[in-house]
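Enquirer: In terms of my numbering, the sequence shown opens at residue 3 and continues consecutively.
Heads up, the beta-carbon is just placed ideally off N, CA and C, and yes, glycines get one too.
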Amino acid sequence: MTIGRIRRAGALLLAALALSLVAAQALAAEVTARVDRDRVIEGETISLILQTSDPQQSLDTDLSVLVEDFEVLGQRSETQMSIVNGRQEAVVRQLITLEPKRSGAVVIPPLQFAGGARTRPVTVVVEPAPELAPGEQPPVFIELELDPADGPHYVHAQLSLTVRIYYQQNLTEAAINPPAPQPASVRLLDEIPFQAERNGVRYRVLERRYAIFPERSGEMTIPPLQLSGRLIERPSDRLWQPAVRGRRVRVESDPITVTVQPRPADYSGEHWLPARRITLSQQLSDSDGLRVGEPVTRSVIVDAVGLEENMLEEPRWPEVEHSRIYPDQPQGISRDDGQWVLGHKEFRYAVVPEEPGELVLPEVRLDWWDTVANRQRTAVLPEHRIQVARSELVPEAAVPLPPAIQQTPRDRAQARDVGAPGFWRPLSLVFALLWLGTLLIHLRGTDPKRTRRTRRTEIPEAEADLLKRVRDACMDGDAARAGTLLRRWVKSFGPPQAHGSVMEFAGLAESDSLREAIYRLDATGYSASGDGSWEGRDLWSALSGWRKGGKESGSPNGDDLPGLYDGAAR
3 MTIGRIRRAG
13 ALLLAALALS
23 LVAAQALAAE
33 VTARVDRDRV
43 IEGETISLIL
53 QTSDPQQSLD
63 TDLSVLVEDF
73 EVLGQRSETQ
83 MSIVNGRQEA
93 VVRQLITLEP
103 KRSGAVVIPP
113 LQFAGGARTR
123 PVTVVVEPAP
133 ELAPGEQPPV
143 FIELELDPAD
153 GPHYVHAQLS
163 LTVRIYYQQN
173 LTEAAINPPA
183 PQPASVRLLD
193 EIPFQAERNG
203 VRYRVLERRY
213 AIFPERSGEM
223 TIPPLQLSGR
233 LIERPSDRLW
243 QPAVRGRRVR
253 VESDPITVTV
263 QPRPADYSGE
273 HWLPARRITL
283 SQQLSDSDGL
293 RVGEPVTRSV
303 IVDAVGLEEN
313 MLEEPRWPEV
323 EHSRIYPDQP
333 QGISRDDGQW
343 VLGHKEFRYA
353 VVPEEPGELV
363 LPEVRLDWWD
373 TVANRQRTAV
383 LPEHRIQVAR
393 SELVPEAAVP
403 LPPAIQQTPR
413 DRAQARDVGA
423 PGFWRPLSLV
433 FALLWLGTLL
443 IHLRGTDPKR
453 TRRTRRTEIP
463 EAEADLLKRV
473 RDACMDGDAA
483 RAGTLLRRWV
493 KSFGPPQAHG
503 SVMEFAGLAE
513 SDSLREAIYR
523 LDATGYSASG
533 DGSWEGRDLW
543 SALSGWRKGG
553 KESGSPNGDD
563 LPGLYDGAAR
């Protein structure tokens with residue numbers, strides 16, 4: 003009996019030890035969940051904190067259970083080590099930034115972890131955003147302006163759309179969709195920051211100007227523009243706190259519907275050219291002392307306001323007597339003045355006179371539709387007269403051939419001797435040697451490696467000069483000049499996905515330091531006070547680092563700028 007009792011006691015002891023080990027492991031693997039604030043206002047974010055004291059416990063979990071009621075904005079992990087009573091203890095945390103999608107009581111459901119750990123549900127109360135008092139100005143709003151406002155609007159004619167974003171406080175992480183009317187093409191022309199006052203309230207304003215070209219007549223709707231961002235707020239009772247994430251804001255504009263008119267029935271022009279203004283001009287090559295058989299080049303230049311160059315058609319030429327005309331490939335470009343697109347196209351013709359006397363380059367006429375006056379107009383290029391002299395190389399009349407002469411047998415024998423192989427073989431050998439010598443000289447003068455190296459080191463001077471000016475403005479701490487030059491660089495040489503916008507470029511840049519530097523520049527309102535409150539060296543360092551990194555990974559902006567950053571360091 004005694005032996006049996008001892009055995010049973012030992013078995014019970016082993017079972018208790020095993021249970022204690024399991025309990026200890028379960029306790030060590032426990033994961034807790036809590037939030038930094040359990041009551042927020044709609045648009046504000048919270049931090050979900052997952053915590054465990056077991057450094058071996060993974061805090062990775064499936065967050066898809068949160069997407070129904072929350073927007074997951076980001077997450078990060080941290081580990082805290084400490085020594086208590088001579089024992090080392092660890093606390094591992096996972097911090098997840100969430101934004102509730104609705105007001106009311108929103109529940110964070112239990113989360114599952116490896117090893118069977120499971121958190122408890124957490125409830126967050128989301129209060130509706132406070133409504134504005136009567137007459138109170140909203141902190142953020144969008145204003146649209148269309149020109150011409152009341153029409154008429156014609157197919158293929160430019161509409162100028164101005165978008166103004168007003169905000170009272172620092173707006174970060176801002177994103178706004180560009181206008182997307184259908185069917186139409188849209189082009190960003192300019193982006194201007196400034197300050198304005200509305201009903202006694204001071205606002206920062208970001209103004210964007212777009213050109214819209216309707217592609218079909220009928221009703222065209224510009225959908226609402228949606229803006230999302232965060233208003234950075236500094237709590238009055240925590241002045242020491244450098245920054246808080248702020249609350250998210252979402253605003254949208256009203257839709258705009260316009261009626262696009264087709265080509266007027268009474269328009270008699272060959273091509274439909276709707277514009278605010280179209281002019282014709284010309285350039286002539288040097289025609290002094292022009293002779294028969296020599297070309298003179300006439301360049302007919304078409305300039306339009308409110309019409310892209312690809313819509314500009316070639317003016318029709320009347321027939322030019324006693325001359326041959328050789329047209330060249332047209333050259334065109336579209337620019338803008340910040341509000342209207344400026345189409346420019348050149349049509350070049352080489353005119354070769356065949357007779358002496360007066361060469362008349364005829365008048366050129368181009369019909370177009372004035373969208374301001376709502377009427378048809380005609381641009382006229384006057385004729386131009388040139389005196390053509392007789393050519394010394396062209397005979398006045400063809401010289402008749404002498405009559406055929408009867409050859410004697412002796413003459414035919416001499417002709418055969420001249421055409422015999424013995425005569426041509428040495429001559430062919432001489433020409434072959436000359437050709438080989440020329441080829442060798444050419445090959446020695448053309449080094450493929452040197453050619454490739456030269457091409458690689460070609461520098462886009464315009465971009466290099468602009469970046470140097472950006473660097474100088476940053477080094478001088480001139481926020482206004484740096485902002486203006488940076489906008490110009492983004493518009494001309496930045497990623498196409500940025501649509502010429504500095505803030506969209508910041509959102510696209512895979513560089514936290516560059517993004518934060520641009521946000522800090524934007525927060526200054528591009529102040530021109532020069533009080534030294536803005537540190538531009540950080541922006542230049544981040545931009546030059548992004549340029550180097552982007553080029554090494556295959557940036558779409560072209561070749562690198564060798565030596566530019568070395569010069570900046572000096």
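1. Which residue spans inside the region 194-232 form an unbroken alpha helix (DSSP H) run of at least 4?
2. On the DSSP bridge assignment, give the partners of Tyr2 in chain order.
3. Is the CB-CB distance between Pro141 and Gln171 below 8 Å?
4. Can you give me the C-alpha to C-alpha distance between Val24 and Ser543, rounded to a whole angstrom?
5. Just the C-alpha distance for Leu368 and Leu191, rounded to the nearest angstrom, thanks.
6. Just to confirm before moving on: does the CB-CB distance between Val207 and Phe196 stay below 8 Å?
7. If I follow the unbroken beta strand (DSSP E) through Met83, where does it start and stop?
8. Using 8 Å as the threshold, is the C-beta distance between Gly345 and Ala375 below it?
9. Go to Ala482, then tell me how far its alpha helix (DSSP H) extends in each direction, as first and last residue.
10. For the region 315-351, which segments carrying the beta strand (DSSP E) assignment without a break, of at least 3 residues, lie completely within its bounds, in sequence order?
11. Does any CB atom of chain C fall closer than 8 Å to the CB of Pro264?
12. Inspect the beta-carbon positions of Phe2 and Glu465 and report whether they are closer than 8 Å.
13. Given this structure, state the Cα-to-Cα distance separating Pro226 from Leu146, to the nearest angstrom.
14. Quick one: what's got a C-beta closer than 6 Å to Arg36's C-beta in the same chain, skipping five residues either side?
15. Between which two residues does the beta strand (DSSP E) containing Arg367 stretch?
16. Measure the alpha-carbon distance for Thr125 versus Asp38 and round it to whole angstroms.
17. Look at the Cβ atom of Leu516, then the Cβ atom of Ala484, and state whether they are nearer than 8 Å.
18. Going by CA-CA distance only, name the one from Thr486, Gln331, Gly271 that's closest to Ile520.
19. With 16 other CB atoms within 10 Å as the buried threshold, where does Met313 fall?
20. Indicate the three-state DSSP secondary structure (helix, strand or coil) for Asp149 in the structure shown.
21. Going by beta carbon distance, what residues of the same chain come within less than 6 Å of Thr164, once the five residues before and after it are set aside?
22. Give the straight-line distance between the Cα atoms of Leu309 and Arg379, rounded to the nearest whole angstrom.
23. Within its chain, find whatever has a CB closer than 8 Å to the CB of Arg252; leave out the 5 residues flanking it on each side and keep chain order.
24. What does the alpha-carbon distance come out to for the pair Pro101 and Ala107?
25. Can you tell me the Cα-Cα spacing of Arg458 and Ser513, whole angstroms?
26. Can you tell me where the beta strand (DSSP E) holding Arg473 begins and where it ends?
27. Using only CA atoms, which one of Gln184, Ser79, Leu292 lies nearest to Ser60?
28. State the Cα-Cα distance for the pair Val610 and Trp370, rounded to the nearest angstrom.
29. Given this structure, state the Cα-to-Cα distance separating Ser301 from Glu323, to the nearest angstrom.
30. Shortest alpha-carbon distance to Pro111 belongs to which of Gly153, Thr63, Gln139, Gly117?
31. From the DSSP output, in three-state form, read off Pro102 for me.
32. Val504: which of Leu282, Ser287, Leu545, Ser535 sits nearest, CA to CA?
33. So Ile280 is in the beta strand (DSSP E); what residue range does that whole segment cover?
34. Roughly how far, in whole angstroms, is the beta-carbon of Val492 from the beta-carbon of Ala500, given that I think they are within contact range, below 8 Å?
35. Got a sec, what are the start and stop residues for the alpha helix (DSSP H) Ser49 sits in?
36. Please report how far the alpha carbon of Val94 lies from the alpha carbon of Val109, in whole angstroms.
Expert: By the coordinates alone:
1. none
2. Here the chain has residues from 3 to 572 only, and residue 2 is not among them.
3. yes
4. Note on Val24: pLDDT 49, under 50, position unreliable in the model; no value is reported.
5. 27 Å
6. yes
7. 72-86
8. no
9. 481-495
10. 325-329, 333-338
11. Reference to chain C is not applicable here, since this structure consists of a single protein chain.
12. Since the first residue of the chain shown is 3 and the last is 572, residue 2 is not available in this structure.
13. 10 Å
14. Ile51
15. 366-372
16. 12 Å
17. no
18. Thr486
19. buried
20. strand
21. Glu147, Arg211
22. 15 Å
23. Gly45, Gln228, Leu229, Ser230
24. Here residue 101 turns out to be Glu, not Pro, going by the sequence shown. When rounded, the distance between both Cα atoms is 13 Å.
25. Because Arg458 carries a pLDDT of 35, less than 50, the predicted location of this residue cannot be relied on, and no value is offered for it.
26. Per DSSP, Arg473 belongs to no beta strand (DSSP E); it is in the alpha helix (DSSP H), 463-478.
27. Ser79
28. In the structure as shown, the chain starts at 3 and stops at 572, and residue 610 therefore has no counterpart that could be examined.
29. 19 Å
30. Thr63
31. strand
32. Leu545
33. 279-286
34. 6 Å
35. Counting along the chain, Ser49 falls outside any alpha helix (DSSP H), though it belongs to the beta strand (DSSP E) covering 48-54.
36. 24 Å
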